Amino acid sequence: MSLDLHIILFLLLRMAIAAAFVVSASVITERAGPVIGALVATLPVSAGPSYVFLAIDHDASFIAQGALASLPVNAATIFMGLVYVVLAQRQSFAVSVASAVGVWIVLASIIRLFDWTLAAGLAVNAVAFGICIPLLAKYRHVKMPLVTRRWYDIPFRAALVATLVAIVVSTSGWVGPRVSGLIALYPIVFTSMMIILHPRIGGPPTAAVLANSAWGLLGFGMAIAVMHVAVVQLGSAAGLMLALCTCVTWNLTLWWRGRRAMNRVRKEP
């Protein structure tokens, strides 16, 4: 397969997968609420295909080092979510999204200045989530407004997400390797959810989705750590599969615990 064809297929795959998951998450959010939507949104939609293609072209050691770079950036993503959630309560769509993206860029740029170990990456995530999860808790429970769906909604959302993915991926070709690595880890799904849901259902309900995503994003960080260790010990294919299983199992556990808690509340007199 030629390099150009490889790049085109990679771009189209990321566009299709991201669009499918983000559109599904937005529809689920409108129908089932922010909790379920958040669980779908925190699956490895964007990072997963990226690592699969990297594994095709590189050895396990390269993938392990890439995971180390991704782990602290996960901490930047939760701070991005916190900034958006707080601002979206009162500020406009443009201010909320631009501020959140700006914070992520600044934090991720700082993170990339250092060489990270697994212990340091886990420590940064522990501190970030220890700060953000309690602060996000009060924004998690918001009633979803009733929305009338128009015939062009789903095609428009899919095109919007696919366009965003195309811009992010293609931009990396001319900005240099350092910024390119930064762009590869950009949280496309979070940004897409903001762009799709905020104008449609408002700031607080959209913020509730991201607030509920905190625990799922914590599981994504654990999956990255699992991948770093597993690819060296078991090879790239097994390591990637274990990371995916970690992420899916974590989200299913969150869903199960949420259902149990809801059932207990309903049974109380």
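Going by UniProt numbering, the residue at position 7 of the sequence shown is 7; the numbering climbs one at a time, nothing skipped.
A virtual CB, placed ideally from N, CA and C, is assigned to each residue, including glycine.
Values in this document were obtained by computation on a predicted structure and should not be read as measured data.
For residue i, name the three-state secondary structure that DSSP assigns.
i	result
H198	helix
Q89	coil
K138	helix
M241	helix
residue 278	A question about residue 278 goes unanswered here, because the residues of the chain that appear run from 1 up to 269.
T253	helix
G221	helix
Y186	coil
T42	coil
W215	helix
A108	helix
If residue i and residue j are in contact, beta carbons under 8 angstroms, what's the gap, nearest whole angstrom?
i	j	result
I28	I17	The Cβ separation is near 16 angstroms, so there is no contact.
Is there a Cβ of chain B sitting closer than 8 angstroms to that of residue i, yes or no?
i	result
A76	Of the protein chains in this structure there is only one, and it is not chain B.
Give a yes or no on whether the C-beta atoms belonging to residue i and residue j are separated by under 8 angstroms.
i	j	result
L217	I110	no
L122	A214	no
residue 286	V83	Only positions 1 to 269 of the chain appear in this structure, which leaves residue 286 out of reach.
P44	F220	yes
residue 271	A47	This structure cannot speak to residue 271, because the chain is shown only from 1 to 269.
A76	A108	yes
A225	G239	no
A19	N212	no
I need the straight-line Cα distance from residue i to residue j, nearest angstrom please.
i	j	result
L254	L210	15 angstroms
I196	N125	28 angstroms
M241	W250	14 angstroms
P177	A208	For P177, the pLDDT reaches just 45, beneath the cut-off of 50, and the residue's location in the model is therefore unreliable, although a value from the coordinates is still provided. Roughly 35 angstroms between the two C-alpha positions.
A88	P205	9 angstroms
I188	A223	18 angstroms
S236	D59	7 angstroms
Compare the C-alpha of residue i against each of the options and name the closest.
i	options	result
V142	T246, G203, G66, A120	G203
A159	L9, R14, I8, F10	R14
G66	R260, T117, R200	T117
I56	A225, F156, A119, F10	F10
W198	V52, V127, S96	The question names Trp, but residue 198 in the sequence shown is His. For H198, the nearest C-alpha among the options comes from S96.
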